[in-house]
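Structure first, commentary second.
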Amino acid sequence: MQGLFGYAVRRLLWVPVILFAVSFIAFTITRFGPGDYVDVLAGPRATPEAEARLREQTGLNDPFYEQYGRYMKRLLTEGDFGESFTKYRGTPVWDIIWPRILVSIQPGIVALVIGFSVGIAVGIFAALKQGTWLDPFAIGSFLFFQSIPVLVSLPFLVLLFVVKLGWLPAIGWGGPRVDVGPQDIELGILSTHIILPALALSLPSVAGVARLVRATTLSVLGEDYVRTARAKGLPEFQVITRHVARNALLPLVTVLGLSLSTLLEGSFFVETILGIPGIGQLGFQAATSRDYDVILALVLILATAFVIANIITDLAYTLIDPRVRFEERRS
Amino acid sequence: MQEAAQELTVDLAHREGVPASPWRVAWRRLRGRKLAMIALAAIALFYVVALAAPAIAPYDYRDQDLNNPSQGPAWSHPFGTDRLGRDQLSRVVWSARTTMIVTAATVLTGSIALSVGLGMISGYAGGKVDTAIMRTGEVFASLPGLPMLILINATMREKVVRGVDWLESHSSSHALRTGLERHSGPEFAFLLVLGLLVLAGMAGAAAWLSAGEGRRNALWLAPATVAALLVALLWAVQGIYATTGAADYFLIFGALSLFFWVGGARVIRSQVLALRETEYVLAARSMGASTWRILMSHLLPNISPLIIVGVSASLGAIAGSEIALTFLGVGVHDPTPSFGALIFDAAGQSTLRNYPHLIIFPAVVVGALIFAFNLLGDALNDVFTPRAR
Amino acid sequence: MNRAILAIVGAMAALVVAIGVIIVVLVASGGGSNESTANKTPAPTDSGGGRTEGELRMAGPEPITLDPAIAQDEGSARYIVEIFGGLLTLDQQLQLQPDIAGAIPSVENGGKVVNADGTVTYTFHIRDGVLFHDRKPVTAETVKCSLERAADPATQSLVSEFFLGDIVGVKDKLDGRADEVSGIQVIDPATLSITITGDISSFLYKLTYPTGFVVDPSQTGGTCGTEDFGDGDSNWTRHPNGTGPYELKEWTFGERIVLQANDHYQLGVPKTKTVRFLLAGGGLTAYQAGDVDVTFVGIDDLERIQDPADPLNADYLTGDRLALDYIGFDTTREPFNDPDVRLAFAMAIDKEQIGSAVFKDALPVANSYDMPGMPAYTASASAPAFDPDGARALLEQSSYGGADGLPAISMAESGAGATASEATSAIIEMWRDNLGVEVEIQQAEAATFFQDISDGKYQMFHLGWIMDYPDEDDILNIHFDSESPNNDTGYNNPQVDDLLRRALVEPDPQQRTQLYQQAEQLVLDDVPWIPLFFDREHMLVKPYVKDFGISPIVVPQLRYVSLETP
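Chains as they are written, first to last, in the working numbering: chain E, 1 to 331; chain D, 1001 to 1389; chain B, 2001 to 2566.
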């Protein structure tokens, strides 16, 4: 275990460095390009003097490194992410982001659960039925669903379930309300509002999970201990759940990290098209309106989540694939 | 991978008594899978249609017919018309072209050049170089892709547009003539550099050809090859950047490559790590073969299957990204047609309610295309990694 | 090895379970109680619910801020005019009405005095019994402090100069040369005088815009009169204390805003007790499902709904808005410094066809800059008519000798999505077909668009203008006076300048109208702008909603709406 622990620690030590680099890059890009939030706010009725005044007051005229230094200092010593300018003027960024994160993860979690459970079931099913037409059919049809980008499948789903059938509520978000500090959020997860976004987000990952599960199940099925279990006369169901499943499902851990980023990309469109107040929608609006503090906060939070997910994934890889561990011993 | 390839060779050789290269074997297996063949055919068809878009499309994609807006499918307009009376079929065909260009360019730079190059270097060199590359990759990978792409597009687009305009005005054949006449200015310098590169490339190629077996692997060949490639690329690319909206292409595939290379590089790196320690490579090293030679003639052929699988797997994702970016307004812009734009026009609730044909056709085509990409990638994956039996 | 793997899988499972537990705990403990209100009914969900008595539900834009001094977008203004109030307001017919002031100051009642140095002093008497939502009284001092705050550079308002700049001393304070606005004087606790730099009749209208609204100094902080309120409440915009017909009961970002009637509103208690705005969602499907009582109609649904045979046709309501969609030229550089070229481009556009094909006649075609409903609007003002042959001939006559002589031309538009607006695409096509000119679309980013226009970066641009108040100075002087900072075309016509400046200070309304009409026609003939369309709102209103009006600009109007009991 020592090697593994050391590996983990080494990776974790890099995290702050990476996050610094990420924040620096994001900061540079936002300040580098044309236009700032004063331009966005200004519109046709502001005078150049007013704009100059605002720039001076919010420190936009200061040299780049000063602005960056100020931002990092405030972030690290006070945990203050700054204020929004163009979305909700004068509101602390955290108050805006935190409720939205809680809203965004709802379709995300449900999508993960659906994706994995359906994927596992289909994968094992296909592996068991290998040789018959059911195997390629199952995998093929889910591959089909995986191929349609969320962007394309979502209007379709809306067309079908909302417009034509009227089964699902019109766009927006609803559900029982819950106070989470800065403001209430609605737990759409407990209402019909969750169905469309979760469905759209889960479809792409189901096929990937199914194929992986199928492959590992197949390799496990050929192992000795399965044959032993069968020879012992155990019911097939027990064979599957007790022996096959446990080992076949391990590599899934490695897919979790990838699923996270797929979910994130998908959430942009889902939230925009369905009007869900999540961070995907916020991210896009902040980027196009140069809401610097919001952008940076989002980038940092997302990057942190991603880096940690990555580390977990890599650790899992290490355990599963001895060749990688071999490499770690050498470097 | 090497063992698997050898296994396949032995397998077939056994059966037919003829030694078959791993490539031929793989192709045979691929051929046997009906679904994959269909997918390949579909992709090929798509490419042909896309390349031939200017000739195939029945109407110009910009031709409006304000007397016939939002018509459903009819003989004159098989896919119907959009709100401005533009023929949907033509727009779909031209959008295919856009997708093709972006996908091809991104694959070339991101998927192949960057991930293979960096993955190999990282895996082979090890140590600090490895760590540096991998950590940089991690930084790029942890930057949330979509927000960064939006940001980059929002902030850098102008500069890229200006750059492309400059490039176009200074390297078209018209500029060539005037530059030579004037003997001055940046055009002349640029052309001079280009000319030198061409010369260097030709000299290098000549030397390589005339050299004997032993000298074919000299390291100085590399810059010559690169130079020649660069020149070829620039001239080929001239066709593209002369078209409108070229800057958008550059921006998209540049930005997409930046974020797409990490995954592939990681996989290639681990493969190279494993291969590095094989006797085959150790023997070559002890015989004094240069790094370049080892990389090119030993490692590269063995990781080629990985590259192919990786590329085919990412094709679908890249195409999807382009569509997504355009939908959000940070991909290609009007009037360059794109599926993202078509879907954007069709996705509003009231539009869906009244004119569903506007979404159905583009959605079906895009879905089919990406499905074909994925089928092919899946099949290639199976073909190159035989199941443990 | 198995044990380690099990450990990891176990950790993952535990994580998922933990998240589930957290959610359950949040649900159980939350209970949705935020602020103490008299309303004890359980918070309804925003959809799938039926009507709650006395509550009007509609979709609404998301505001950027609820601080009247810094708000400058229509979305924020919509709520601010209901929550706050100023000395004067506008009614649904856009007539000036006194709000916090007891009467509109005029020469007749002695409230308006033209001084010897040309400045004009308005004297406002504070209405009896005007109270904040928390029943604090409003005094002349409160009004002065609110105006001073708007003019304070520390408030960081970008529009205070635009709306309050006429007041003597405002510019000085904004530039830091003075601590107080000399033009605002408190005469006694119920009397306030405001002195402006000239006889600018539009000034009273400017007071109806949020920038001049009254805020509670105990919330905003600072000193007011003799009291020092320190830093105030940094979060005050989430629970503002105003003088408007409605109180803000709740603002959940991205989801809803709930307004509750102010039961002591000085101009009459609102007939509808609660108004709930959905910040996301709404739309025809929600309307049909009964989730909202009022909705906007999208263009694609319009044809259906305008058909008398459709059941929804009975709910259909339409009203004109004071807004103009136009194409502007940079008249200072090639090729549009040549008026013939501008005219040719204008004559090559068939607005009627675009209006019917693209907009399904939802928007009226504009042949003037002034909109119907404005005081100086006249149907006889005429922009260049569609004449493709004449356009081509004109182009040939111009200094470029025809389409081929023109340099590369591009049109900029603020893009917020994948495609350029349809009208723009159609117009570009018309220029291609009717003039033989290839115009490129430049989708500029909203962030830099206005700045770039003022910097003269674009040859032509597609833009819109929404009136802030119903006076021509807000469109004609602002954009066509050669010295106006908001002149986006560089248009310079001394004759027009003269007419506009005279109209600005002309006290007689009829004379003003004449002057403005003359000026407008001159500008229309010069074509620095091609007027394209006016704005018209299309809505569906449930039959049990009475007196819902579509007002041409943002004015407080919710208090007139009443709901029939179900």
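Glycine is no exception: its CB is placed at the ideal position from the N, C-alpha and C atoms.
Computed from a predicted model, the values in this text were never measured in an experiment.
Test: residue i CB closer than 7 Å to a CB of chain E
| i | result |
| --- | --- |
| Val2527/B | no |
| Asn2486/B | yes |
| Ile2064/B | yes |
| Glu1322/D | no |
| Gln2156/B | yes |
| Leu2026/B | Model confidence at Leu2026/B stands at a pLDDT of 42, short of 50, so the residue's coordinates are unreliable; what they give is reported in the following sentence. Answer yes: the Cβ-Cβ gap between Leu2026/B and chain E drops below 7 Å somewhere. |
Simplified DSSP assignment, three categories, for residue i
| i | result |
| --- | --- |
| Asp1087/D | strand |
| Val1330/D | coil |
| Met1296/D | helix |
| Ile2023/B | Caution applies to Ile2023/B, whose pLDDT of 44 falls short of 50 and renders its modelled position unreliable; the model cannot decide the point. |
| Phe2329/B | strand |
| Lys1128/D | helix |
| Ile195/E | helix |
| Asp1378/D | helix |
| Tyr7/E | helix |
| Ser2562/B | strand |
| Thr47/E | coil |
CB contact check: residue i to chain B, cutoff 7 Å
| i | result |
| --- | --- |
| Gln1071/D | no |
| Pro34/E | yes |
| Ala42/E | yes |
| Arg11/E | no |
| Gly280/E | no |
| Arg1091/D | no |
| Ala50/E | yes |
Chain D contact for residue i (CB, 7 Å cutoff)
| i | result |
| --- | --- |
| Ile2409/B | no |
| Ala111/E | no |
| Ala2444/B | no |
| Ala2412/B | no |
Contact under 7 Å by Cβ, residue i with residue j
| i | j | result |
| --- | --- | --- |
| Ala1160/D | Ala1255/D | The question names Ala, yet the displayed sequence has Val at residue 1160/D. The answer is no: Cβ separation not under 7 Å. |
| Asp314/E | Ser84/E | no |
| Ser1070/D | Gly1264/D | no |
| Arg1033/D | Ala1283/D | no |
| Gln1088/D | Phe1344/D | no |
| Leu300/E | Ser23/E | yes |
| Leu2538/B | Val2297/B | It is His, not Leu, that sits at residue 2538/B in the sequence shown. Going by C-beta atoms, His2538/B is nearer than 7 Å to Val2297/B. |
| Arg2057/B | Asp2293/B | yes |
| Val1311/D | Phe1140/D | no |
| Val2527/B | Leu2394/B | no |
| Glu2413/B | Ala2420/B | yes |
Closer than 8 Å at the beta carbon, the chain B residues around residue i
| i | result |
| --- | --- |
| Asp39/E | Ala2447, Thr2448, Phe2450 and Gln2451 |
| Gly275/E | Ala2280 and Gly2281 |
| Lys87/E | Ile2064 |
9 Å Cβ cut-off: residues of chain B touching residue i
| i | result |
| --- | --- |
| Gln67/E | Correct list: empty, because the minimum Cβ distance to chain B is about 18 Å. |
C-alpha distance - residue i paired with residue j, whole-angstrom precision
| i | j | result |
| --- | --- | --- |
| Glu2334/B | Tyr2369/B | 24 Å |
| Ser1297/D | Ile1303/D | 11 Å |
| Trp2236/B | Arg2149/B | 15 Å |
| Ile1294/D | Thr1106/D | 27 Å |
| Gly275/E | Ala2444/B | 25 Å |
| Ile2184/B | Leu2087/B | 13 Å |
| Ile1359/D | Ala2446/B | 27 Å |
Chain-ordered neighbours of residue i on chain E, where CB pairs are closer than 8 Å
| i | result |
| --- | --- |
| Gln1349/D | Val158, Val162, Val163, Ala170 and Ile171 |
Within chain E, partners of residue i - CB distance below 7 Å
| i | result |
| --- | --- |
| Gln2072/B | Gly43 and Arg45 |
8 Å Cβ cut-off: residues of chain D touching residue i
| i | result |
| --- | --- |
| Ile2466/B | Result: empty, since nearest Cβ-Cβ is about 22 Å, beyond 8 Å. |
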